[in-house]
Each structure stands twice: as structure tokens, then as C-alpha cells.
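Student: To start, I am sharing the structure in question, which I have written as C-alpha cells.
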Amino acid sequence: MLTLRLSGRNLTAIFGRAALGECFADKKSAAAGVLVAAFFSTFGVGAFTFAMSLSAQSSGMSASWLGLAFSGYFFARLVLAPVAGYAADSLGARPLLVTATGIGGVVPFLYYFYPTMETLGIIQICLGFCSGIIKPVSLSLLGDCAPESSRGRLFGVYNTYMYSALVLGPLAGGYTIGIQEKMGELSLIWPAVGMGLSFLFFFRGRTESLFPAARKRREDKGLPWRNPFFPALLLAVLGRTAGASVVITFLPRMINEHFGLDGISAGFLFALPSLILIALMPVTGKWADLRDRAGLTFLGMGICAACLFGYGQADSLWWFVLLVAGMGFGSSISLPASMSLAADMGRGRVMGVFLGVSNLGFILGPALAGFAAEAGGMADAFELVALFSGFCILPTFLVMSKRLYTQ
Numbered sequence: 002m003l004t005l006r007l008s009g010r011n012l013t014a015i016f017g018r019a020a021l022g023e024c025f026a027d028k029k030s031a032a033a034g035v036l037v038a039a040f041f042s043t044f045g046v047g048a049f050t051f052a053m054s055l056s057a058q059s060s061g062m063s064a065s066w067l068g069l070a071f072s073g074y075f076f077a078r079l080v081l082a083p084v085a086g087y088a089a090d091s092l093g094a095r096p097l098l099v100t101a102t103g104i105g106g107v108v109p110f111l112y113y114f115y116p117t118m119e120t121l122g123i124i125q126i127c128l129g130f131c132s133g134i135i136k137p138v139s140l141s142l143l144g145d146c147a148p149e150s151s152r153g154r155l156f157g158v159y160n161t162y163m164y165s166a167l168v169l170g171p172l173a174g175g176y177t178i179g180i181q182e183k184m185g186e187l188s189l190i191w192p193a194v195g196m197g198l199s200f201l202f203f204f205r206g207r208t209e210s211l212f213p214a215a216r217k218r219r220e221d222k223g224l225p226w227r228n229p230f231f232p233a234l235l236l237a238v239l240g241r242t243a244g245a246s247v248v249i250t251f252l253p254r255m256i257n258e259h260f261g262l263d264g265i266s267a268g269f270l271f272a273l274p275s276l277i278l279i280a281l282m283p284v285t286g287k288w289a290d291l292r293d294r295a296g297l298t299f300l301g302m303g304i305c306a307a308c309l310f311g312y313g314q315a316d317s318l319w320w321f322v323l324l325v326a327g328m329g330f331g332s333s334i335s336l337p338a339s340m341s342l343a344a345d346m347g348r349g350r351v352m353g354v355f356l357g358v359s360n361l362g363f364i365l366g367p368a369l370a371g372f373a374a375e376a377g378g379m380a381d382a383f384e385l386v387a388l389f390s391g392f393c394i395l396p397t398f399l400v401m402s403k404r405l406y407t408q
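Going left to right, the sequence shown walks through residues 2 to 408 as the numbering used here numbers them.
If you want it as C-alpha cells, here you go:
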């Protein structure tokens, strides 16, 4: 256990020393635990979901069954995120995180007793429930570890950990499928180990509740609907995640159909936005602390919407690569700024609603894109969702303009 704690501290020291230095002295351990646990839990779930999608045909999974499993996963996250946020304000963060990671570490073993396709779907949905609890609660916990002026840098480090896990997780999942050629016991090791390590960090670490009941009664005034930035931010996040879900769902197909890439080349191009985001996050996280967060949110999301629209117009591979890189650049600007804005407005319940709307975008985006693709083609799918994303950030621009006018 001592080795586990030291490894977590070393990892956060390497990748988040400056951000942890800005945290409150008594909450640095909690912040470090959240960052490392978020990495391991995301890595495990990412490896499992990628392996299941990659091996669908060889494992005898129908497209409808696979779609149902993923829809259940995102729906579980959608339902649990707001509920978990409210519960974190009332019960504290640690009990929820320990429970969610404990369940997530145990549920993959169901397959050893019932090795069926239905069991894999149940595991996927259960992991969605666990993720729906872990992410909003850990974000609310993390937001209370640092002063408002330093949250952008801390959330930048958080996104670096998350996107590193989203790059490494699929590689691990693909490696196990390469060994056994279909879903099996090896693919279930990753979510069990990832959630299990996260459980140990939360159970043994210093992630005590940061939401005492007495302080909650004095300060908690509910959701900040009177703050015009709050509904504008929620709509902007809806548009961003709708666009991200379409990229996840349809970009591999477009890369293969339009440019004839597959294998390593297609995988690298698909991972390029995440790699750029990881590289730029130390800089853009500082921007979120030094510049107007609403403006950075609008700028980053606007770049992402423009690049998404360009996916349908690109006629050369190099132009397409630039658009994919631009998507990573825009995300690196908007993510720490938007998360810091949400954390500035409240704690658990605000983060819960923030992530609930984010998960709604993951459900809405593929539906819109699928309709456009059936009516026209893949280019129409990207263009329609890009226009929807652009429309969703207009309220942020209007609120910013009104604030500048009144000043």
C-alpha cells in the first residue's frame, strides 16, 4: 500500500507539480489521489469498450446489440451524473467514490461465471453507472482543492491524465484482442485492475469529504440559474459533446472511406487530437487562469465546430490532418476554461448537471449525424452537427457581448 501511494505521488509530481503546488496545503493529497484514480479508472473502461467494439464481428455481436450496449452505457452516465453531484453535496465525496470504484472493480468478474454476450452488455452498462458517479464527484472534489485563480491549471492537468488514459486504454484493449482475437477473460482484466487501483487510492488516500453539512447549509443556494453564463455554458457543452460523439462514431469510417487508411495510420490520425490536447494542456490550462474563461470557452468551441464542418469539405489528406489537429487545439483551449467556469459556479450538483448535459450530447450527436448520413452522406453528417454545435455557442457570445456593453 505504501508503494501504491508513493507511485501515485511520483506520477502526479512528474505531470502536475505546478498545479498541485497551487492547491490548498491540506488538500494536495486529495487532488493527487483524484488525478491518479481518474487515470486508472478511465484507462480500464476505455480498454474494455474499445476491445468490445473492435471484436464485435469476431465475437458474434450484432450491430444492434453493440449499439444497445453503448447506448445503455451513455444513458447510465447521463442519469447518474446529476444524481451523484447532488449526493456529493449531501453525503460527501469519499463514500460515493469508494462505492463506485469498488463495484467497477468487481463487476467484470461476472463474465467468469456467466460467459455470454448478455453479460458483456451488463458489464458495459454497470461501468457506465460507475463512471456516471466517479467523474462528477471527482471533478467537484478537485475543484474544491484549489483557489478559483488556479483551477484552470489544475483542470488542465486533469484533462492531461484523462486523455492520456483515452490514448493508452484502446492500445491495451487492442493488444488483448490481438492475443485472443475476440472478447474474453483477458479483456476483462483492464477494467477490473483500473477500477481496483482507483478503489485503493480513494479508500486509503486522504479524500475525505470536502462538503461538510454545516458549510453546505450556509453556502449552498442551489443551481445558479440566475447567472446568465450557467445556461449558456450548459448549451455550449451540449454542442461540444455532440460534435465529439460524432467524431468518435463516424471519423474512423470517414478516414477509411475517403482516404483509404486503416490500421496504424488510421489509428494515429484518430488519436491525433488527443495527442495535441495532451501536449498543449499545460499552456492552455494556464490561459484559463490568466484570461477570460468565457472567452476561451467560446473560442475553443468555435474552432472545434469550424473544424468539424471542414471534415465534410476536405478533399486532400493533408488538409484533413490540419482539421483534425485543429480539433485538438480547440479542445485544449475550451476544456480547462469550461470546467473552471462550472467549478466557479458551484460544487457537486453544478458539476453533476454540467456532466449530465455533456452525456446528453453523446446521445444526441450520433442520432443527428445518423439522420443526416441516411438522407445525404457522411459529409452531411459532420456538417449538420457542426452547425448545431455552432448554434449552441451563440448564447455564450451574446452573454459576453452584453457584459462588455454594460461595463
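Built from N, CA and C at the ideal position, the CB exists for glycine as well.
Determine, using beta-carbon pairs with one atom in the segment 235-247 and one in the segment 357-366, whether at least three such pairs fall under 8 angstroms.
Tutor: Yes, the segment 235-247 touches the segment 357-366.
Student: Given this structure, state the Cα-to-Cα distance separating Val325 from Ala387, to the nearest angstrom.
Tutor: For the purposes of this step, residue 325 is taken as residue 324 along the sequence shown, with counting starting at 1. For the purposes of this step, residue 387 is taken as residue 386 along the sequence shown, with counting starting at 1. Going by the C-alpha atoms only, they are around 14 angstroms apart.
Student: Ignore the nearest five residues each way along the sequence and tell me which others in Leu278's own chain have a CB closer than 6 angstroms to its CB.
Tutor: The count along the sequence shown starts at 1 and reaches residue 278 at position 277. Contacts found: Tyr164, Gly329, Ser332, Ser333.
Student: Report the rounded CA-to-CA distance for Gly61 versus Glu119, giving the unit in angstroms.
Tutor: For the purposes of this step, residue 61 is identified with residue 60 of the sequence shown, where counting begins at 1. For the purposes of this step, residue 119 is identified with residue 118 of the sequence shown, where counting begins at 1. If I take the Cα positions, the gap works out to 12 angstroms.
Student: On the three-pair Cβ rule with 8 angstroms, is the segment 184-191 touching the segment 366-382?
Tutor: Contact between the segment 184-191 and the segment 366-382 is absent, because fewer than three Cβ pairs lie under 8 angstroms.
Student: Whose CA, out of Ser54, Phe41, Lys403, lies closest to the CA of Ala233?
Tutor: Counting from 1 along the sequence shown, the entry for residue 233 is found at position 232. Here the closest residue by C-alpha is Lys403.
Student: Just curious, the alpha helix (DSSP H) that Thr117 is in, first and last residue?
Tutor: The residue given as residue 117 occupies position 116 in the sequence shown. First-last for Thr117: undefined, no H or E at that position.
Student: Would you identify the three-state DSSP class for Met379, choosing helix, strand or coil?
Tutor: Against the sequence shown, residue 379 aligns to sequence position 378. Helix, per DSSP.
Student: For Leu399, which residues in the same chain have their Cβ closer than 8 angstroms to its Cβ, ignoring the five residues on either side in sequence?
Tutor: Here residue 399 refers to the residue found at position 398 when the sequence shown is read from its first residue. Excluding residues within five positions, the ones whose Cβ falls inside 8 angstroms are Ala233.
Student: In three-state DSSP terms, what is Ala147?
Tutor: Position 146 of the sequence shown, counting from 1, holds the residue named residue 147. Three-state DSSP puts Ala147 in coil, outside helix and strand.
Student: Buried or exposed for Asp316, please, with buried defined as at least 16 other CB atoms from any protein chain shown within 10 angstroms of its CB.
Tutor: Here residue 316 corresponds to residue number 315 of the sequence shown, with the count starting at 1. It is exposed - the Cβ of Asp316 has fewer than 16 other Cβ atoms within 10 Å.
Student: Could you give the C-beta distance for Val35 and Ser151, rounded to a whole number, given that I count them as a contact under 8 angstroms?
Tutor: As a position in the sequence shown, residue 35 is number 34, starting the count at 1. As a position in the sequence shown, residue 151 is number 150, starting the count at 1. With a Cβ gap of about 15 angstroms, Val35 and Ser151 do not count as contacting.
Student: Comparing alpha-carbon positions, which option in Glu258, Ala173, Ile104 lies nearest Gly378?
Tutor: Numbered from its first residue, the sequence shown carries residue 378 at position 377. Closest by alpha carbon: Glu258.
Student: List the whole-angstrom C-beta distance separating Gly144 from Ala295, where the pair is believed to meet the contact cut-off of C-beta under 8 angstroms.
Tutor: By one-based count along the sequence shown, residue 144 stands at place 143. By one-based count along the sequence shown, residue 295 stands at place 294. The pair is not a contact, with the Cβ atoms about 17 angstroms apart (cut-off 8 angstroms).
Student: If we require 4 or more residues per run, which alpha helix (DSSP H) segments fall completely within the segment 24-59?
Tutor: Counting only runs of 4 or more, we get 29-55.
Student: Can you tell me where the alpha helix (DSSP H) with Asp345 in it begins and where it stops?
Tutor: For the purposes of this step, residue 345 is identified with residue 344 of the sequence shown, where counting begins at 1. That run of the alpha helix (DSSP H) goes 318-346.
Student: At the level of alpha carbons, what is the spacing between Gly327 and Pro274?
Tutor: Looking up residue 327 in the sequence shown gives position 326. Looking up residue 274 in the sequence shown gives position 273. Between Gly327 and Pro274, the C-alpha separation is close to 8 angstroms.
Student: Whole angstroms is fine: what's the gap from Tyr74's alpha carbon to Cys131's?
Tutor: Your numbering for residue 74 matches position 73 in the sequence shown. Your numbering for residue 131 matches position 130 in the sequence shown. Approximately 10 angstroms between the Cα atoms of the pair.
Student: Going by beta carbon distance, what residues of the same chain come within less than 7 angstroms of Arg78, once the five residues before and after it are set aside?
Tutor: The residue given as residue 78 occupies position 77 in the sequence shown. The answer, listed in chain order, is Gly129, Ser132, Gly133, Asn360.
Student: Taking all protein chains shown into account, decide if Leu291 is buried (16 or more other Cβ within 10 angstroms of its Cβ) or exposed.
Tutor: Within the sequence shown, residue 291 is the residue found at index 290, counting from 1. By the neighbour-count rule (16 or more Cβ atoms within 10 Å), Leu291 is not buried but exposed.
Student: In three-state DSSP terms, what is Lys403?
Tutor: Taking the first residue of the sequence shown as 1, we reach residue 403 at position 402. Three-state result, Lys403: helix.
Student: Can you give me the start and stop residues for the alpha helix (DSSP H) that Ile304 sits inside?
Tutor: Taking the sequence shown and counting its residues from 1, the one referred to as residue 304 is at position 303. From DSSP, the alpha helix (DSSP H) with Ile304 extends over 294-312.
Student: Quick check on this structure: which residue in Leu142, Leu92, Val158, Phe230 has the alpha carbon closest to the alpha carbon of Leu281?
Tutor: Locating residue 281 in the sequence shown gives position 280, counting from the first residue. It is Val158 whose Cα lies nearest to the Cα of Leu281.
Student: Looking at the structure shown, is Pro253 part of a helix, part of a strand, or coil, going by DSSP?
Tutor: By one-based count along the sequence shown, residue 253 stands at place 252. If DSSP states are grouped into helix, strand and coil, Pro253 belongs with the helices.
Student: Throw me the rounded Cβ distance for the Gly301 and Ala272 pair, which I believe falls under 8 angstroms.
Tutor: In the sequence shown, residue 301 corresponds to position 300, counting from 1. In the sequence shown, residue 272 corresponds to position 271, counting from 1. Rounded, the Cβ-Cβ distance is 19 angstroms, inconsistent with contact.
Student: For Trp197, I'd like the list of residues in its chain whose CB is within less than 7 angstroms of its CB, leaving aside the five on either flank, ordered along the chain.
Tutor: As a first step, residue 197 must be located in the sequence shown, where it is residue number 196. Checking the displayed sequence, the identity of residue 197 turns out to be Gly instead of Trp. Correct list, in chain order: Gly106.
Student: Going by alpha carbons, who is nearest to Ala85 out of Val248, Ile123, Lys136, Phe41?
Tutor: Counting from one through the sequence shown, the residue named residue 85 turns up at place 84. Here the closest residue by C-alpha is Lys136.
Student: What did DSSP end up calling Ile277 once you bin it into helix, strand or coil?
Tutor: By one-based count along the sequence shown, residue 277 stands at place 276. It is helical.
Student: Ile104 to Phe200, Cα distance in whole Å?
Tutor: Counting from one through the sequence shown, the residue named residue 104 turns up at place 103. Counting from one through the sequence shown, the residue named residue 200 turns up at place 199. If you take the alpha carbons of Ile104 and Phe200, they lie about 9 angstroms apart.
Student: Using the Cβ count rule (16 or more neighbours within 10 Å means buried), how would you classify Phe251?
Tutor: Within the sequence shown, residue 251 is the residue found at index 250, counting from 1. Looking at its Cβ environment, which holds 16 or more other Cβ atoms inside 10 Å, Phe251 is buried.
Student: Just tell me which of Ser72, Tyr112, Ala39, Val247 has its CA closest to the CA of Leu142.
Tutor: Position 141 of the sequence shown, counting from 1, holds the residue named residue 142. If we check each option's Cα against that of Leu142, Ala39 comes out closest.
Student: Is it true that the CB of Gly357 sits closer than 7 angstroms to the CB of Ala101?
Tutor: Within the sequence shown, numbered from 1, the residue matching residue 101 stands at position 100. Within the sequence shown, numbered from 1, the residue matching residue 357 stands at position 356. Cβ distance not < 7 angstroms, so Ala101 and Gly357 don't count as in contact.
Student: Going by the CB atoms, is the gap between Pro171 and Phe51 shorter than 7 angstroms?
Tutor: Stepping through the sequence shown from its first residue, residue 51 is reached at position 50. Stepping through the sequence shown from its first residue, residue 171 is reached at position 170. Contact flag set, yes.
Student: For Pro229, name the three-state secondary structure that DSSP assigns.
Tutor: The sequence position of residue 229 within the sequence shown is 228, counting from 1. It is coil, neither helix nor strand.
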